[in-house]
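The sequence shown: position 144 = 144 (full-length UniProt numbering), numbered continuously. Yeah, the Cβ is synthetic: ideal placement off N, Cα and C, and Gly gets one too. These notes are about the structure you will find just below.
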Amino acid sequence: MERSFSLSVQGLVAGLRQLDVLAHRVANLDTPGALPREAVLEENPGLRFTLLPPESDPRGVYLGTGIRLAATPLGDDRGISVETGSATDLFAEDGGWFALRALDGGEVVYARSLSLTRVPGPDGDRLMVGRYALLADGGGPLVLPSGAAFRVDAEGRVFVREGTGERFLARLSAGRLANPEALRPMGDGLYFAPAGIAEFSLPTIVRQGVRRVPGDAEVLARTLPAARYLSLTARALSAADTFAGMAAELIRR
1 MERSFSLSVQ GLVAGLRQLD VLAHRVANLD TPGALPREAV LEENPGLRFT
51 LLPPESDPRG VYLGTGIRLA ATPLGDDRGI SVETGSATDL FAEDGGWFAL
101 RALDGGEVVY ARSLSLTRVP GPDGDRLMVG RYALLADGGG PLVLPSGAAF
151 RVDAEGRVFV REGTGERFLA RLSAGRLANP EALRPMGDGL YFAPAGIAEF
201 SLPTIVRQGV RRVPGDAEVL ARTLPAARYL SLTARALSAA DTFAGMAAEL
251 IRR
């Protein structure tokens with residue numbers, strides 16, 4: 001009976017975790033960047049065993065002892081690209097990332113989609129997200145001439161307008177990471193690498209005037225079976241409680 005309670009409670013907690021992840025996605029549909037896709041559950045492997053002697057089945061009888069949370073993978077593959085027309089909105093396609101760093105130094109952080117603020121400085125303008133500046137290839141912050149219009153092409157090259165023409169300024173520090181699953185969220189669509197600086201392994205396509213919005217309807221559809229699972233688990237827990245009460249009543253008699 002105690003085991004029935006334990007299994008029911010584990011299932012209930014897992015169901016709640018699934019709904020938590022889905023609710024988080026729904027609440028952040030307009031937030032740029034990657035979000036947890038779903039709660040991946042698995043059987044508790046350390047408590048799975050075989051009962052002996054196996055009279056009825058030579059393979060024995062396998063008894064599981066509940067489930068646990070295995071992972072909450074990140075993903076934004078179900079998002080949509082929104083054309084904004086703003087020069088300071090950037091998006092890296094094909095799983096690409098931009099690199100940023102605080103002006104006072106510190107760790108490099110990463111973002112898939114950026115809505116940047118142009119911040120004037122004594123030597124030019126920087127493109128910022130909070131206290132983090134967009135980096136150019138080479139590791140330094142991208143510095144634009146004060147007030148100058150700029151363009152970013154698909155290869156991440158930045159050009160500034162001068163008179164009737166334009167000149168090449170720098171290339172953005174952007175590309176695809178070998179292991180993006182290792183990144184951890186830190187808010188505002190930014191992510192950090194726990195092991196330090198993550199190296200770009202492949203180039204990416206940069207789109208200017210575009211934001212990535214993870215606003216898919218599939219997450220809403222997945223809420224229905226998750227809610228159904230939670231309801232069934234709650235009923236199983238209620239049934240276990242009822243049987244426990246019946247057993248206690250029989251013992252008293």
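* Asked: In terms of alpha-carbon separation, which member of Val13, Ser115, Arg101, Tyr191 lies closest to Arg68?
  -> Val13
* May I have the straight-line CA-CA distance separating Gly189 from Leu169, to the nearest angstrom? => 26 Å
* **Proximity below 8 Å, CB of residue 292 to CB of Leu144** => Since the first and last residues shown for the chain are 1 and 253, residue 292 lies out of range.
* Which whole runs of the alpha helix (DSSP H) in the segment 82 to 156 are 4 residues long or more, in chain order? -> none
* Exposed or buried, which one is Gly96 when buried takes at least 16 other CB atoms within 10 Å? -> buried
* Secondary structure of Leu183, DSSP reduced to three states -> coil
* Just checking my contact of Arg211 with Phe91 at CB under 8 Å: how many whole Å lie between their CB atoms? -> 6 Å
* Residue from Leu100, Met186, Gln10 with nearest C-alpha to Glu43 -> Gln10
* Confirm, please, whether the CB-CB distance from Leu114 to Asp137 is below 8 Å. => no
* Asked: Any idea what DSSP makes of residue 290, helix, strand or coil?
  -> As shown, the chain starts at 1 and ends at 253. That puts residue 290 outside it, with no answer to give.
* Outcome for Asp89 when other beta-carbon atoms lying within 10 angstroms are tallied against a minimum of 16 -> buried
* For Gly175, the three-state DSSP class (helix, strand or coil) -> strand
* **Ala182 and Glu199 closer than 8 Å at C-beta** => no
* **Contact under 8 Å by Cβ, Gly163 with Glu83** => no
* Asked: How many angstroms separate the CA atom of Ala133 from the CA atom of Ala102?
  -> 6 Å
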